[in-house]
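Protein sequences appear in the order of chains Z and E.
Residue numbering for the first sequence is 1290 to 1743, as defined by our numbering.
Residue numbering for the second sequence is 1290 to 1743, as defined by our numbering.
C-beta atoms are modelled at their ideal positions from N, C-alpha and C, and glycine is treated no differently.
Below: one structure, written as structure tokens.
Number of protein chains: 2
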Amino acid sequence: MKPSIPKGTRDFSPIEVANRSYIMNAIKMAFETFGFQPIETPSFENSATLMGKYGEEGDRLIFKILNSGDYLAKAEEIVLSKKDSLKLTSQISEKALRYDLTVPFARYVVQHQNEITFPFKRYQIQPVWRADRPQRGRFREFVQCDADVVGSPSLWQEVDFIQLYDTVFTKLGLVGTLIKINNRKILSGIAEVIGAQDKLIDFTVALDKLDKIGKEGVVTEMLSKGITNEAIEKVQPLFDFSGSNSEKLSSLHSMLETSEEGIKGVEELRFVIDTIAQLGLETASLEVDVTLARGLNYYTGAIFEVAAPKSVKMGSIGGGGRYDDLTGIFGLKEVSGVGVSFGLDRIYLVLEELGLFKTVDLPTPKVIFLNFDATSDIMKMKALKELRKQGVKSELYPDLGTSNKQQKRQWKYVASREIAFVVSEISNDMYTLKNMGTGEQEACDLRALIEKLK
Amino acid sequence: MKPSIPKGTRDFSPIEVANRSYIMNAIKMAFETFGFQPIETPSFENSATLMGKYGEEGDRLIFKILNSGDYLAKAEEIVLSKKDSLKLTSQISEKALRYDLTVPFARYVVQHQNEITFPFKRYQIQPVWRADRPQRGRFREFVQCDADVVGSPSLWQEVDFIQLYDTVFTKLGLVGTLIKINNRKILSGIAEVIGAQDKLIDFTVALDKLDKIGKEGVVTEMLSKGITNEAIEKVQPLFDFSGSNSEKLSSLHSMLETSEEGIKGVEELRFVIDTIAQLGLETASLEVDVTLARGLNYYTGAIFEVAAPKSVKMGSIGGGGRYDDLTGIFGLKEVSGVGVSFGLDRIYLVLEELGLFKTVDLPTPKVIFLNFDATSDIMKMKALKELRKQGVKSELYPDLGTSNKQQKRQWKYVASREIAFVVSEISNDMYTLKNMGTGEQEACDLRALIEKLK
């Protein structure tokens, strides 16, 4: 029996855990600096809380937990005999693993609305699970780092979130991220102008391919999806959509002037863009991208997505937006929310590829007491006790080694764990301390030993 | 639809997350100070990794994950028609949620044995899930904090772990914990002496009731379980098992002198007890308890359990022991391991009951900019940007409030979040800063503002 783990999941070694903590701490510190407070929700929710919130595809990708005990007792015979998996699921499973942090957060807000002061700024850093096909940057268990505000329609939040992205990526040394921004109302305006609400996704998907297949290719695809020539004519400016953000905004403004909602979207976007222009960003840039449509189902205002620096091939490393009525699904109406998410696992891959982890410290002991001679054991343990009290990471090699071979193994252990100092010998109450970097060696008493190491 | 969460799971509010982090950090720091390195394993494992490792009861309590897609396709018709839940499980579920951290760790060690330097000292702080009946201190999702060493039979580890418990509980201000210690070999010795290997658990369970039901009650229970009068006679000393640890050890030594294994257990225990006596403990005490038998199935040497201070009613808040062949189940033979676990959720309840959380800081902003006047918005945002760069937790009240009522709401928000400083007004480039504790107010320029707050 060769042990293994499920597809799409990972073990993390000490160095990987340290690197992941480094990223999470940077994000956590930034969240708190921006005034967000942490909450946590259970790993599994009642299925009713999650099902139907992420579309049909989402429902399929949610991991369901089998009921305990004699779970078939309540199952209908007809469903069993027909082997109807879809129908049986709700009869034998009442719980499911968290699919994202947004829906559980909405559930939390509604459930705890009487304990919460609004606007409520919360962050949440927890794993989520999706039965997706694993590939580079896509796992079945991965960590999301979300910050959201509910209870305020103010566009200052959008400004804050863009600065938050810039702050985190700057802190991680990740220069050159691209924050793409769009507004759902602009997309609605486009749909209005082209007279085809239901073709909006086909439209943005086709438009997104402009770089790859050129204007002609995009038009062909749009026509094939049933978008009329006349409609395409009306949004001509989108086919030469370049220049500065303010040029793009002007172009959108004239294109959408017949759509009240479209114009509102342009104005919202303009406010955010102009404010960020005045405040400046450290390392990120901000770019209007009208093809950005992520999860159209719940965004109602701003839509964000962050791309890694161009030199790295990786899907988005963050995203988010405004949803005017997320808590409505749980019965609390008209509470506007806006939030962003950081994809820890992808950020990890990007930092690794760019060699940006070099500064992370492994939690390795600073000093080890080798074990060549049992007579001084108590002296070693007493020294260890003092060192640890002072917070010095330290340990005793546990097994006594009297032969050459055994002692070699202890030195090998020191090297492999990259331990900086070694106490190899103790005599007359003096500890022989060796600096493994320089090779220097000196004898010192307990007090001097602690002074040197703390 | 009233939102709720599954039985035995919990939401954690900001203050609860902060308190939990405080405990986890204390444990993590102690683990690292003692030379342990972190690893993490997936939340779910292949069922084959977990099933059969925790006894029949354990198998029942493991949460199973339903396969994705048309999971019934592979199910046998006969099993479905018989509604045989037990048999069907393995046909429709291949993965299960982690039940503890020890078995996944054993799996990790075997799977990664070529990347690991032994002795391998790892710690792991992650949630585990059990479909247990929820009650006070028992949840279906809870966090375990484990430290283990594999690859060394040295008793110094046992000494280290007792000191580790003492260090953590001292740091948390939890005075008066009781570390109970036993040794599996002593239990085997007792079984040998009473001539009833198979009655060992009945014996320890009965003996454990000595305080409650008295000697006579215990003897009656033992007899009812088929333990002979003659056997009971041989272990008379256990019925007056009091006095110091060394008195207990002497008594065990004479009682078990016919059992080689029993004597070995006494000697091991004596080494640990004597060494700890020489080193001293800060706030915990160490006590030999021969009724301690926790999970007999894999412990082979020392057995630990920690009880909260007597004033608090709570099950054990930690436990562990030595297992000589844990990795054997995954094919790596003769690797000795020893480890302990801290029960985060119970430690939380104990600290809460004793009022020991008072020092924990909530991640709340230090300063907020109120929003009474839109004209100075950019000045506020610029100040915020600088403050945050200096790491000062700070935010803007997002919604403009011009009416009395709206402004009152902003002050209420300040009070409810316990924010220490407020900038309520800006004029002529001067910020009016109010100290909410003293009520003092002063006008300062941006530089002075940052100096005061950072």
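Bridge-paired residues (DSSP) for Ile1715 (chain E): E:Tyr1720
Helix, strand or coil: how does DSSP classify Phe1631 (chain Z) here? strand
Using the Cα positions of Lys1622 (chain Z) and Glu1447 (chain Z), report the straight-line distance between them to the nearest angstrom. 21 Å
Going straight from the alpha carbon of Pro1598 (chain Z) to that of Leu1463 (chain Z), what length do you get? For Pro1598 (chain Z) and Leu1463 (chain Z), the distance between alpha carbons rounds to 8 Å.
Cβ of Tyr1388 (chain E) within 8 Å of any chain Z Cβ: Cβ-Cβ to chain Z under 8 Å: no for Tyr1388 (chain E).
Scan the region 1351 to 1424 of chain Z and note each continuous alpha helix (DSSP H) run of 4 residues or more that stays entirely inside, going in chain order. The region 1351 to 1424 of chain Z contains these whole alpha helix (DSSP H) runs: 1366 to 1370, 1374 to 1381 and 1391 to 1400.
Shortest alpha-carbon distance to Ser1370 (chain Z) belongs to which of E:Leu1375, E:Leu1361 and E:Lys1376? E:Leu1361
Pairs of beta-carbons, one from the region 1460 to 1477 of chain E and one from the region 1337 to 1348 of chain E, closer than 8 Å: are there three or more? no
Which chain Z residues sit within Cβ distance under 9 Å of Glu1365 (chain E)? Neighbours of Glu1365 (chain E) in chain Z, taken as residues whose beta carbon is under 9 Å from its own, are absent, since the nearest beta carbon is some 11 Å off.
Under a Cβ-count criterion, where at least 16 other Cβ atoms within 10 Å of its own Cβ denotes burial, should Arg1364 (chain Z) be classed as buried or exposed? In the sequence under discussion, the amino acid at residue 1364 (chain Z) is Ala, which differs from the Arg named in the question. By the 10 Å Cβ count, Ala1364 (chain Z) comes out buried.
Could you list which residues in chain Z have their beta carbon closer than 8 Å to that of Ser1382 (chain E), in chain order? Leu1355
Consider the Cβ of Tyr1360 (chain Z): report whether some Cβ of chain E lies at a distance smaller than 8 Å. yes
beta-carbon Phe1320 (chain Z) near the ligand SAH non-hydrogen atom, thresh 7 Å: Only the bare structure without any ligand can be found here, which leaves the ligand SAH out of the picture.
Comparing the C-beta of Ala1420 (chain Z) with each C-beta of chain E, is any distance below 8 Å? Chain E contact via Cβ: present.
Would you kindly work out how many angstroms separate the C-alpha atoms of Asp1688 (chain Z) and Pro1408 (chain E), rounded to a whole number? 9 Å
Going along chain Z, which residues have a C-beta under 7 Å from Ser1705 (chain E)? Scanning chain Z for C-beta atoms nearer than 7 Å to the C-beta of Ser1705 (chain E) yields Thr1406, reported in chain order.
Examine chain Z for any beta-carbon lying closer than 8 Å to the beta-carbon of Leu1722 (chain E), and answer yes or no. Chain Z places no beta carbon closer than 8 Å to that of Leu1722 (chain E), leaving this residue out of the contacts.
State yes or no: is the C-beta of Ile1516 (chain Z) within less than 8 Å of the C-beta of Asp1491 (chain Z)? yes
Roughly how many angstroms separate the alpha carbons of Asp1613 (chain Z) and Ile1328 (chain Z), rounded to a whole number? 21 Å
Using CA coordinates, which residue listed in E:Ala1704, E:Asn1403, E:Ser1535 and E:Leu1570 is at the minimum distance from Val1457 (chain E)? E:Leu1570
Phe1450 (chain Z) vs Val1624 (chain Z) beta-carbon contact at 8 Å: no
Which residues in chain Z sit within 7 Å of Asp1688 (chain E), going by Cβ to Cβ distance? Ser1441 and Ser1443
Distance check for Gly1644 (chain E) and Val1712 (chain Z), CA to CA, integer angstroms please. 42 Å
Whole-Å CB distance - Thr1721 (chain E) paired with Glu1714 (chain E), under 8 Å assumed: 4 Å
With a CB to CB cut of under 6 Å and the five nearest residues on each side skipped, what residues in its chain are close to Thr1616 (chain Z)? If the five residues before and after Thr1616 (chain Z) are omitted, its C-beta is found closer than 6 Å to the C-beta atoms of Ala1395, Val1398, Val1399 and Val1624, all from its own chain and listed in chain order.
DSSP puts Asp1435 (chain Z) in a beta bridge; with which residues? Z:Gln1413 and Z:Ser1630
Give me the residue from E:Leu1350, E:Val1368, E:Gln1402 and E:Ser1357 with the minimum Cα distance to Pro1423 (chain E). E:Leu1350
One question on the structure: do Glu1481 (chain E) and Gly1590 (chain E) come within less than 8 Å of each other, judged by their Cβ atoms? no
Look up Val1577 (chain E) in the DSSP assignment and give the residues it is bridged to. E:Ile1470
For Ser1548 (chain Z), which residues from the same chain have a beta carbon less than 7 Å from its beta carbon, with the 5 sequence-adjacent residues on both sides left out? Gly1478, Glu1481 and Val1482
From Z:Pro1292, Z:Ile1312 and Z:Lys1296, residue whose alpha carbon lies closest to that of Glu1641 (chain Z): Z:Ile1312
Between which two residues does the alpha helix (DSSP H) holding Gly1554 (chain E) run? Glu1549 to Leu1568
My guess is that Tyr1588 (chain Z) and Gly1604 (chain Z) are in contact by the Cβ rule of under 8 Å, so how many angstroms apart are they, rounded? The Cβ separation is near 18 Å, so there is no contact.
Classification of Ala1573 (chain E) by the beta-carbon crowding that lies within 10 angstroms, buried from 16 upward: buried
Report the rounded CA-to-CA distance for Gly1626 (chain Z) versus Asp1578 (chain E), giving the unit in angstroms. 56 Å
Suppose you measure from the CA of Tyr1388 (chain Z) to the CA of Val1417 (chain Z); what does that come to, to the nearest Å? The straight-line gap from Cα to Cα measures roughly 5 Å.
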